[in-house]
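Student: Quick one: this structure, given as structure tokens, is what I'll be asking you about.
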Amino acid sequence: MKALHVISFNYPYPPSYGGVIDVYYKIKALSDLGVKIHLHCFVNQIPEKTDPEITDITENVFFYQKKKNPFLYLSFMPFAAAIRNSDILINNLAKIKAPILFEGLQTTSLLTQLKSKEHPLYLRLHNNEAEYYKGISFSEKNIFKKIIYKIEAIKYKSYQKKYLQEFESVFCLSEKEYRETENYSGNAKLIHIFHGNQTVKNLDKKGAYFLFHGDLSISDNKKALDEVIELFKGLSEYKLVVASDRASDDLKKKINAVENIDLVPIETNENLYHLLEDAHANILLSFQNSGTKVKLFNSLYNSRFVIINQNITDDKSLKDLCLYGASIQEIRQHIIDIAEKNYTGSERRKKVLEQTHSDESKAQEMIKVIFKD
Numbered sequence: 242m243k244a245l246h247v248i249s250f251n252y253p254y255p256p257s258y259g260g261v262i263d264v265y266y267k268i269k270a271l272s273d274l275g276v277k278i279h280l281h282c283f284v285n286q287i288p289e290k291t292d293p294e295i296t297d298i299t300e301n302v303f304f305y306q307k308k309k310n311p312f313l314y315l316s317f318m319p320f321a322a323a324i325r326n327s328d329i330l331i332n333n334l335a336k337i338k339a340p341i342l343f344e345g346l347q348t349t350s351l352l353t354q355l356k357s358k359e360h361p362l363y364l365r366l367h368n369n370e371a372e373y374y375k376g377i378s379f380s381e382k383n384i385f386k387k388i389i390y391k392i393e394a395i396k397y398k399s400y401q402k403k404y405l406q407e408f409e410s411v412f413c414l415s416e417k418e419y420r421e422t423e424n425y426s427g428n429a430k431l432i433h434i435f436h437g438n439q440t441v442k443n444l445d446k447k448g449a450y451f452l453f454h455g456d457l458s459i460s461d462n463k464k465a466l467d468e469v470i471e472l473f474k475g476l477s478e479y480k481l482v483v484a485s486d487r488a489s490d491d492l493k494k495k496i497n498a499v500e501n502i503d504l505v506p507i508e509t510n511e512n513l514y515h516l517l518e519d520a521h522a523n524i525l526l527s528f529q530n531s532g533t534k535v536k537l538f539n540s541l542y543n544s545r546f547v548i549i550n551q552n553i554t555d556d557k558s559l560k561d562l563c564l565y566g567a568s569i570q571e572i573r574q575h576i577i578d579i580a581e582k583n584y585t586g587s588e589r590r591k592k593v594l595e596q597t598h599s600d601e602s603k604a605q606e607m608i609k610v611i612f613k614d
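Numbering follows my numbering, in which position 121 of the sequence shown is assigned residue number 362; successive positions increment by one, without gaps.
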């Protein structure tokens, strides 16, 4: 019987944002292939009950409350890792002999205590954290937060160089992180993001609007939306829908001030899929080079045209399925060019996505690495 400990930075349900989406659908795919999952979650508040969607794909679920000590900002360890520490977790791991998969470097503060134990150690690297925090520091407008993120980036730079070599394998999300990890430690494996999509939808040739969707509490998404709003101010003949549950009052005012832009809530995955299905094109921009974004898979599987900039993916097979704009001017021209075009790309997407980017194929790759015998 194959068993695996998974230490998650958060409770992975509902799968509503990038990292958690990867955790949830990875666990589901591994479970579907017969791996018994012992899930350990660091949370702000321990929930009263576990969702059936999680209990159905796990053997055990354990919760640990993140520490709330602000003095941990003064630790040499990155704050996100320092707050995820638990002696109870060590005891729970010792009770079940199985490999351990750490979800993100922020779950690895216990690594030195586990190195001598009889657990093969694996890491799912969700980001080059030093680059990630450097990026959000650059995008953040609040001076205090900008400084905090910059310090976190500096801490992670030495932390990841020190600890990446301690794992049997590091499963990377993107080509860029794969190359960086291979240079650090020589133990990198490229396993693209788990996304939960199974089949490419066959849709009518025309949609009703352009779509921008994302978590607008994240500074990178807010910066991207600012660019898109400015674009559509000058493209008044085209409708833009901004889909998000986390728009600030300032952003709402900015959106409402432009006649051809509407803000709509997402609320559920079903609503998101409806929005994707009705969109003629999706506009995906990022100013952080941190691997393929989950929203790209959702758009390619469930919608029509997809317009991206350079930071949405570094996977050539995925980039070839999109309209790429190296500048805002090129993105603007793509919008104009496809506004009246029929979408006919479903069959091409099926060949690429369902053969090489399915969750099942990625889970099988991980199983081969973790359970070598």
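Idealized CB from N, CA, C, for every residue including glycine.
1. Could you name the residues of the same chain whose beta carbon sits closer than 7 Å to that of residue 455, not counting the 5 residues immediately before and after it, in chain order?
2. Let's test the definition: count the other Cβ atoms within 10 Å of the Cβ of residue 327 and tell me whether it reaches 16, buried, or not, exposed.
3. Can you confirm whether residue 599, when its beta carbon is compared against all beta carbons of chain B, has any partner nearer than 7 Å?
4. Residue 359: buried (16+ other C-beta within 10 angstroms of its C-beta) or exposed?
5. Would the beta-carbon of residue 533 fall within 7 Å of that of residue 434?
6. Of all the options 370, 273, 319, which has the alpha carbon lying nearest to the alpha carbon of residue 299?
7. Taking the C-alpha atoms as reference points, what is the distance between residue 450 and residue 611?
8. Rounded to the nearest angstrom, how far is the Cβ of residue 365 from that of residue 393, given a contact under 8 Å?
9. Tell me the residue span of the beta strand (DSSP E) that contains residue 245.
10. Below 8 Å on the Cβ atoms is my contact criterion, and I expect residue 248 with residue 256 to pass it. Report the Cβ-Cβ distance as a whole number of Å.
11. Select from 566, 459, 322, 564 the residue whose C-alpha is nearest the C-alpha of residue 370.
12. Taking all protein chains shown into account, do 16 or more other C-beta atoms lie within 10 angstroms of the C-beta of residue 415, making it buried, or fewer, making it exposed?
13. Apart from the five residues just before and just after residue 282, which ones in its own chain have a Cβ nearer than 6 Å to its Cβ?
14. What does the alpha-carbon distance come out to for the pair residue 465 and residue 243?
15. Can you find the residues in the same chain that come closer than 6 Å, C-beta to C-beta, to residue 301, ignoring five residues on each side of it along the sequence?
Tutor: For this structure:
1. 462, 485, 536
2. buried
3. The chain labelled as chain B is not found in the depicted structure, where only one protein chain is given.
4. exposed
5. yes
6. 273
7. Going by the C-alpha atoms only, they are around 45 Å apart.
8. Contact flag wrong, Cβ pair sits at about 19 Å.
9. 244–249
10. With a Cβ gap of about 17 Å, residue 248 and residue 256 do not count as contacting.
11. 322
12. Burial state of residue 415 is buried, judged by a 10 Å Cβ sphere holding 16 or more other Cβ atoms.
13. 249, 252, 304
14. 43 Å
15. 279
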